[in-house]
Amino acid sequence: MEATGPTAAGLAPPVISVFLFSYGHINGPIVQTGVEGRSSKQLAYSIRHLPNPPRNLRANSNGLSRRLQKEFLNNDCVEAILGKVQNDIIDALRIEAESIQAAKAATRDCNSGNVFKPDNISDLEESPKNLHDASLILTVCCEKGRHRSVAFIDELGRRLADLKNGDGISHTWELCISVTHRDIGNSASAPVTHDKSRRKRMRCMRVEGSR
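Counting in full-length UniProt numbering, the sequence shown runs from 1 upward without gaps.
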């Protein structure tokens with residue numbers, strides 16, 4: 001089938017950075033600065049209302065445990081929230097991709113001699129070549145940031161990595177996904193100060209979504 005949409009006109013697919021954060025509510029919110037991208041959108045969720053995994057699993061492991069994840073994710077309420085968040089991400093990606101491709105098309109037309117020049121064209125022309133087109137920051141909190149939010153974000157990262165066709169979205173994009181579990185190394189008994197060093201788990205990958 002012949003490709004349709006902006007990429008069929010020879011435009012490079014937009015590169016969108018997706019930053020996924022888990023954290024504990026008792027340790028304060030995520031404060032993210034210096035995210036690369038010409039535009040940035042933020043989504044925030046609390047899953048403190050979702051049921052905890054069994055106490056014995058929480059005592060001996062964190063949210064990266066496959067066994068704990070299996071117990072936590074095998075719940076209709078958890079699956080419903082996961083599906084909602086995933087759909088929210090896809091909607092945000094679609095909107096960003098459409099906006100970016102429209103701006104790129106306008107830039108190309110302007111460079112071809114079109115007298116119309118949108119306000120954001122100069123920004124697009126002057127931005128560094130290695131700067132991602134946009135970024136999406138998503139944060140999920142549970143109570144302490146060691147179990148539920150970690151398992152949730154880890155599963156969400158896997159689902160986004162498997163997103164090869166944009167779930168029917170007609171645009172193509174390239175994703176760079178980063179996963180950070182801010183509070184996974186914190187003591188389970190007490191919150192930490194905001195300036196204390198925290199263990200982080202990062203995972204970066206690139207995936208493409210196409211029709």
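Where is the CB? At the ideal position from N, CA and C, for every residue including glycine.
Roughly how many angstroms lie between the CA atoms of residue 89 and residue 183, to the nearest whole one? 23 Å
Judging by CA-CA distance, which residue of 177, 176, 161 and 144 is the nearest neighbour of residue 185? Selected option, being the one with the closest Cα: 144.
Residue from 141, 12, 156 and 174 whose Cα sits closest to the Cα of residue 24: 141
Beta-carbon spacing of residue 134, residue 100 below 8 Å: yes
Contact defined as beta carbons within less than 8 Å: I believe residue 11 pairs with residue 179. What is the distance between those atoms, to the nearest angstrom? No, residue 11 and residue 179 are not in contact; Cβ-Cβ is about 29 Å, not under 8 Å.
Do residue 177 and residue 18 have their beta-carbon atoms positioned less than 8 Å apart in this structure? Their beta carbons are under 8 Å apart, which means residue 18 touches residue 177 by this criterion.
Is residue 25 helix, strand or coil when you go by DSSP? helix
With C-beta atoms as the reference, is residue 150 less than 8 Å away from residue 63? yes
Buried versus exposed, by CB contacts within 10 Å (16 or more), residue 46: Exposed.
Nearest-angstrom Cα distance between residue 104 and residue 26? A direct Cα-Cα distance of roughly 43 Å separates residue 104 from residue 26.
What is the rounded straight-line gap between the Cα of residue 170 and the Cα of residue 14? Because the pLDDT at residue 170 is just 45, under 50, the model does not fix this residue reliably, and the point stays unresolved.
With H, G and I counted as helix, E and B as strand and the rest as coil, what does DSSP make of residue 17? strand
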